[in-house]
Amino acid sequence: MLTRSSEYALRALTYLSLKEDRTSWVLARHIATELGIPSPFLAKILQTLAGASILESQRGRRGGFRLNRNPERLSLLEIIEPFDRLESERLCVLGQKVCSDETACPLHHTWKHSLNSFLHRLRTTTLADLRDHPMAMGFPSRLEPPSSPSGPSNLASMV
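In the numbering used here, the protein residues as written are 4 to 162.
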């Protein structure tokens with residue numbers, strides 16, 4: 004359901020929120036190494052998050068990234084929305100060009116209910132909730148980079 008970009012954004016922000024000193028700058032390549040994420044791909048993701056005012060970025064020798072928002076007030080939806088426009092893109096799960104309440108496909112109402120429930124969960128779950136969740140043991144962990152950085156992710160099962 005979520006793209007790899009969203010998964011990496013959630014993992015990187017969780018990593019940053021776990022830092023004791025959240026005012027210090029962290030290099031993208033350091034985060035990438037720690038989490039096993041391709042560095043150039045993560046750098047683009049972090050720049051997108053900086054453009055959305057979720058992160059601050061600073062160039063130069065003492066530069067890097069740091070959180071610009073309080074993890075207790077930053078919803079998971081705000082984090083993934085720059086990558087996966089879940090609220091604006093309402094695609095038919097069966098691929099129909101026209102699918103609405105009036106011209107519904109066989110799965111429309113089931114999918115609509117599931118998506119609305121998922122969106123509600125993303126809106127009401129914060130980065131702090133993800134960071135502090137007892138079942139997240141070791142999250143974000145270093146994973147082997149996938150072969151395709153744009154494929155779907157299975158992070159949806161954590162939310």
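Even for Gly, the Cβ is constructed at its ideal location relative to N, Cα and C. Here the structure is a predicted model, which is why all the values come from computation and not from measurement.
task: If I'm right that Ile57 touches Asn71 with Cβ under 8 Å, what's the distance once you round it to whole angstroms?
output: Contact flag correct, Cβ pair sits at about 6 Å.
field: Beta-carbon contacts of Leu125 that lie in its chain and below 8 Å, excluding the five residues immediately before and after
entry: Around Leu125: Ser78, Leu79, Leu80, Ile83, Leu89, Val162.
field: Segment limits, alpha helix (DSSP H) that includes Arg7
entry: Its alpha helix (DSSP H) spans residues 7-21.
query: Enumerated in chain order, which unbroken segments of the alpha helix (DSSP H) with a length of 4 residues or greater are wholly contained in the segment 67-133?
result: If we require 4 residues or more, the alpha helix (DSSP H) runs fully inside the segment 67-133 come out as 79-83, 111-127.
task: Express the C-alpha separation of Val96 and Asp104 in angstroms, rounding to a whole number.
output: The C-alpha of Val96 is placed about 14 Å away from the C-alpha of Asp104.
task: Compute the Euclidean distance between the alpha carbons of Ala159 and Gly98, then round it to the nearest angstrom.
output: Note that Ala159 scores 48 on pLDDT, short of 50, meaning its location in the model is unreliable and no value can be drawn from it.
- prompt: Exposed or buried, Leu13, counting other C-beta atoms within 10 Å across all chains shown (16 or more means buried)?
  reply: With at least 16 other beta carbons inside 10 angstroms of its own, Leu13 counts as buried.
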